[in-house]
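In what follows, a structure is listed as structure tokens, so that the remarks can point back to it.
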Amino acid sequence: MIRRLVLSLMFLALPVLPALAATPNVGEHAPDFTLATPDGAKVSLQSVEQTGKTVLVVLRGFPGYQCPYCTRQAQDFISHADDFKKAGAQVLMIYPGPPADLAGHAKDFLTKQQKLPDNVHLVIDPDYNFTNKYDLRWEGAHETAYPSTFILDKSGVVRFRKITKEHADRLSASDALTHLGDIKGGKA
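As numbered in our numbering, residues -11 to 176 make up the sequence shown, in order.
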């Protein structure tokens, strides 16, 4: 009787337990999330996915300074915005960092850019909600997240991913476009 009671209580407690963080693998659906732009507009992965394929670029954001590798990668993707549009893709860049003035740092990050192209979005992750959900948190002095890129089909399924533990090892826009070309419709 006691055993049944304990098992029943455990079963009831399951729905309230938090989901474990897990980086989505190729072939898995990328978990949805909602973050804000530096100006406060909400952007969800699901809303971006509805327009087609998605290139999800996880930057180091603001680990206490503007990362030159992140700046170079972001400018590379922004300069290829028309190519991504022709490929039917949106680019969603995640900018994590400590919450103190992260929006201001993200605006400074894009100082060379007057306005982002309509298919390129930058959102901030001030509480590391996304970074922790995708298990990409880089714990260490002056670190925020592992530089990563995920390419999702129209259904939100991961068709390519690159996660690196080195600052300079980033996926280029050209390589992302090549991987996007390998995706037909909702499937690879």
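Yeah, the Cβ is synthetic: ideal placement off N, Cα and C, and Gly gets one too.
- Under the three-state reduction of DSSP, His17 is assigned to strand.
- An exposed status is given to Lys103, since fewer than 16 other beta-carbon atoms sit within 10 Å of its beta-carbon.
- Rounded to whole angstroms, Asp96 and Leu47 show a C-alpha spacing of 15 Å.
- Of all alpha-carbon atoms in Ala62, Thr11, Arg125, the one lying nearest the alpha-carbon of Gly85 is that of Arg125.
- By the neighbour-count definition (other C-beta atoms within 10 Å, threshold 16), Arg158 is a buried residue.
- Fewer than three Cβ pairs drawn from the region 58 to 76 and the region 20 to 33 lie within less than 8 Å of each other, which leaves the two stretches out of contact.
- With fewer than 16 other beta carbons inside 10 angstroms of its own, Arg60 counts as exposed.
- With three or more CB-CB distances shorter than 8 Å, the region 130 to 138 counts as touching the region 38 to 53.
- Going by beta carbons, Leu140 and Ala18 fall inside the 7 Å limit.
- The beta carbon of Asp163 sits closer than 6 Å to no other beta carbon from its chain once the five residues preceding and following it are set aside.
- The beta carbon of Tyr116 sits closer than 7 Å to the beta carbons of Pro84, Arg125 from its chain, once the five residues preceding and following it are set aside; these are given in chain order.
- Contact check for Val146 against Pro12 passes: the beta carbons are separated by less than 7 Å.
- Excluding residues up to 5 positions away in sequence, Lys30, Ser32 lie with their Cβ nearer than 6 Å to the Cβ of Thr22 in the same chain.
- Taking 8 Å as the upper bound for CB-CB distance, Lys41 and Ala75 are in contact here, some 7 Å apart.
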